[in-house]
Every structure is written in C-alpha cells, then in structure tokens.
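Enquirer:
Numbering (this note's numbering), first residue to last: 567 to 792.
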C-alpha cells in the first residue's frame with residue numbers, strides 16, 4: 567500500500583478493512599514531523615514507516631493518539647519517538663493492559679475477526695500508555711507548520727482528540743464521527759455538537775479513521791443525518 571499525499575505538508579497511509587486498520591496521518595514540518603495514531607500492531611507501524619521511507623520522509627518524532635481503541639494504539643510500542651495522548655486515553659489503555667495481564671489476550675482476540683487477522687500466528691498483543699499526557703488542547707509547531715490538538719465530544723468514545731493543521735486546511739478526525747463499537751449506533755445529542763465543532767474548524771479536508779478524505783461540508787452533513 568502506498569502513502570497518499572493530501573497537501574504540501576500532509577500525507578496519510580490508507581485504511582484497510584480486513585484488519586480494521588485505520589488511516590495513519592503524517593505531517594511534515596520544517597523542523598520535525600508528527601504522526602496521527604500509532605496503528606493496530608508493530609506490523610502495521612512497520613508498513614507505514616516503510617511507505618514513509620520510500621517517499622524519502624523522516625520517521626515521526628511525535629505520534630498523537632486520537633483515542634484509545636486498539637486499532638489506533640496497540641502499535642505504540644513500535645513507534646519512533648514519543649507518543650502523546652489525553653489522560654482518559656491513557657487510563658483506558660492502562661485498564662486494558664491490566665486486564666490482558668490478568669486474563670490473557672484471548673478475550674481481546676475473540677472481540678472481532680479483524681483482530682484475529684491482525685494478530686494471526688500468535689503475534690503478541692502489547693499495550694502501553696503514551697509517553698506524554700495532554701490535559702486538554704495543545705498547540706504544536708513542527709517548523710512553519712502549526713498543529714492544533716484538541717478534545718471533542720463524540721458518539722464513539724469519551725476520549726476523542728482531533729488534529730488540525732490550519733495552514734494546510736486539514737483535520738484528522740480519528741473515529742470521532744463513528745458510533746459505539748460494536749453496534750455503531752450514534753447518539754444524535756453527541757453528533758450535533760461535534761458537527762458544530764468541525765464546522766468551526768479552518769479545515770477544508772476532513773479525514774476519518776476508516777474512510778477516504780471528505781470535504782468539511784460532507785463530514786458535517788453525514789453527522790447531522792445520523
């Protein structure tokens with residue numbers, strides 16, 4: 567799978583349905599680079615990094631997590647540089663890691679066929695917390711490339727973070743616009759404020775965790791129709 571370019575400074579490694587792998591984002595500043603989400607496993611990270619190297623792009627110095635779910639975070643132990651998450655994301659990851667230590671990984675593998683496919687042949691399930699805890703909104707600058715990371719109420723989880731690159735007019739959504747696993751039902755009361763938040767962003771392109779890029783207008787409309 568090839569890296570896809572969105573703008574001058576922004577790329578993404580495309581999602582895959584079989585193993586429920588999400589889009590992984592990449593932002594290149596003049597001084598350093600940032601990834602959005604840590605992938606489903608070490609193998610997912612390795613494929614992402616191979617695609618970066620093929621494009622002559624340096625590995626990310628920092629990886630920002632959009633929320634705690636395994637397909638976005640369980641590759642964290644294999645990433646280059648540090649990882650940043652909010653306190654709720656870290657708490658969820660710590661609880662999940664504790665449960666795996668107590669019960670083993672079978673309950674996790676039994677959750678969905680996509681997980682069993684990702685961890686086939688006895689691949690280890692490794693869960694860790696992020697290195698840096700972000701208490702709320704944080705503004706970063708990778709070198710002439712401001713990056714805004716901020717929390718969002720979501721119908722998907724209670725710990726969603728969005729990543730906006732205002733100068734590139736791109737917004738990474740993670741799974742914020744999705745429903746609750748495994749039914750995927752969406753609470754309209756949570757969709758409306760999220761739609762308003764996205765509408766107020768500077769972005770023109772929105773990238774969902776498991777879909778192709780959409781315009782801001784398309785993203786807002788989909789949420790309000792939920």
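The C-beta atom is built at its ideal place from N, Cα and C for all residues, glycine as well. Predicted model, so just to flag it, every value in this text is computed and none were measured.
1. Whose C-alpha, out of 758, 775 and 627, is nearest the C-alpha of residue 791?
2. Under DSSP, the beta strand (DSSP E) around residue 685 begins and ends at which residues?
3. Between the Cα of residue 749 and those of 774, 730, 732 and 723, spot the shortest distance and give me the residue it belongs to.
4. Looking at the strands, I want to know which residues DSSP matches up with residue 771.
5. What are the start and end residues of the beta strand (DSSP E) that includes residue 728?
6. Is the Cβ-Cβ distance between residue 650 and residue 631 less than 8 Å?
7. For residue 612, does the count of other Cβ atoms within 10 angstroms reach 16, so buried, or fall short, so exposed?
8. Would you mind reading off the limits of the alpha helix (DSSP H) that contains residue 634?
9. Hey, residue 788 and residue 726: beta-carbon distance below 8 Å or not?
10. Could you give the distance in angstroms between the alpha-carbon of residue 686 and the alpha-carbon of residue 586?
11. Which of helix, strand or coil does DSSP assign to residue 616?
12. Excluding the 5 residues flanking residue 596 on each side, which residues of the same chain have their C-beta closer than 6 Å to its C-beta?
13. Suppose you measure from the CA of residue 628 to the CA of residue 593; what does that come to, to the nearest Å?
14. My understanding is that residue 642 touches residue 604, with C-beta atoms under 8 Å, so please give their C-beta distance in whole angstroms.
15. State buried or exposed for residue 769, treating a residue as buried only when at least 16 other CB atoms are found within 10 Å of its CB.
16. Return the CA-CA distance between residue 571 and residue 753, expressed in angstroms with no decimal places.
17. Measuring only the C-alpha atoms, how far is residue 618 from residue 610?
18. Quick check on residue 660 - is its C-beta less than 8 Å from some C-beta in chain D?
19. Looking at the unbroken beta strand (DSSP E) that takes in residue 590, where does it start and where does it end?
20. Keeping to the same chain, check which residues put their C-beta closer than 7 Å to that of residue 733; ignore five residues upstream and five downstream.
21. Can you look up residue 574 in the DSSP assignment and give me helix, strand or coil?
22. Determine whether the beta carbon atoms of residue 721 and residue 702 lie at a separation below 8 Å.
23. Looking at C-alpha atoms only, which residue of 782, 654, 623 and 636 is the closest neighbour of residue 680?
Expert: Looking at the coordinates:
1. 758
2. Careful: residue 685 lies outside any beta strand (DSSP E) and carries neither H nor E.
3. 723
4. 736 and 781
5. 727-731
6. yes
7. exposed
8. That residue, residue 634, is in no alpha helix (DSSP H); it is neither H nor E in DSSP.
9. no
10. 14 Å
11. helix
12. 709 and 710
13. 10 Å
14. 4 Å
15. buried
16. 33 Å
17. 13 Å
18. In the displayed structure, chain D is absent; only one protein chain is listed.
19. 590-594
20. 711 and 712
21. coil
22. no
23. 636
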